[in-house]
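Data block below; observations after.
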Amino acid sequence: MAHLLVVEDDPQLRDALMRALRDRGHAVATAATGMAGLDAAVTDRPDLVVLDLGLPDVDGVQVLRMLRAVSDVPVIVATARDEEPDMVAALGDGADDYIVKPFGAAQLDARVKAVLRRFGPPEPGLPLRVGDLVVSVAAREVTLEGKALDLTPREFDLLCFLARRAGQVVSRRELLAEVWQQPLGGADKTVDVHLSWLRRKLGETAQFPRYLHTIRTVGVKLAAPAGTDAD
Ligand code: CA
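Sequential numbering from 187 applies to the sequence shown in the numbering used here.
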């Protein structure tokens with residue numbers, strides 16, 4: 187069972203979605219405005235947010251941007267057919283999937299499950315693998331090409347977070363919120379300093395990255411080097 191938040195201003199649609207998703211076994215909270223949705227997403231920490239783009243107070247794309255500054259909760263945006271530019275903007279701003287109105291509950295439920303599968307915690311005990319880098323979450327151990335790395339707890343948390351999102355760019359702000367628990371931001375230098383230590387332990391430099399790629403002004407990405415098995 188997943189804890190879902192549905193942000194939708196149309197009361198009939200909101201109630202219909204809530205009932206249909208509850209019938210399919212989810213716990214569902216709802217919000218009728220963008221700001222109420224943002225508030226609920228931050229305080230209730232749902233597993234996934236279904237976000238209508240056409241909202242009365244703040245448009246959904248803005249809500250998504252504000253949400254992304256503090257949370258990496260999976261988001262499915264719901265759009266009307268004539269809102270395609272907004273949908274494209276939403277995907278660019280970190281939406282994980284979209285659904286076009288009118289849609290049925292079964293279709294939404296299938297998307298919810300697919301997104302949650304992608305974002306859900308890995309099977310307990312199964313290590314995260316990025317190329318030849320293996321992160322054993324439960325044991326808090328990391329090996330690179332079979333050799334154990336000696337990481338500090340913070341470096342481990344940082345690497346673990348990046349490994350869960352391998353192949354995606356993660357912003358410094360997200361790292362501060364999720365790894366340092368500083369959702370309102372802090373000194374960007376903190377992240378950069380830890381990234382440089384981690385980079386050294388991975389045996390690479392910013393100039394010649396293999397796993398840890400800094401994307402200037404955007405963030406950082408952990409990815410398998412070309413030629414390794416990138417599962
Ligand atoms: Ca609407």
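Even glycine gets a Cβ: it sits at the ideal position worked out from N, Cα and C.
Item, Value
"Beta bridge counterpart(s) of T216 as assigned by DSSP", "V192"
"L207 beta carbon less than 8 angstroms from that of D295", "yes"
"Assumed close pair L314, V321 - CB separation to whole angstroms, cut-off 8 angstroms", "4 angstroms"
"Rounded separation between R267 and D230 - CA only", "30 angstroms"
"Helix, strand or coil at L224 according to DSSP, with G and I counted as helix", "helix"
"Start-to-end residues for the alpha helix (DSSP H) that takes in E327", "First-last for E327: 327-330, but that is the beta strand (DSSP E), not the alpha helix (DSSP H)."
"D238: CB within 7 angstroms of a non-hydrogen atom of ligand 1", "yes"
"Rounded C-alpha distance that separates P411 from Y397", "6 angstroms"
"Paired residues, beta bridge with R315 - DSSP", "V320"
"Buried/exposed call for R350, threshold 16 Cβ in 10 Å", "buried"
"Close-in-space but distant-in-sequence residues of the same chain around M187 (CB under 8 angstroms, 5 per side omitted)", "G211, H212, A213"
"Under the three-state DSSP convention, the category K375 falls into", "helix"
"L207 in three-state terms, based on DSSP", "helix"
"Integer Cβ distance of R402 from V377, believed to fall under 8 angstroms", "At roughly 14 angstroms, the Cβ-Cβ gap does not stay under 8 angstroms, so R402 and V377 are not in contact."
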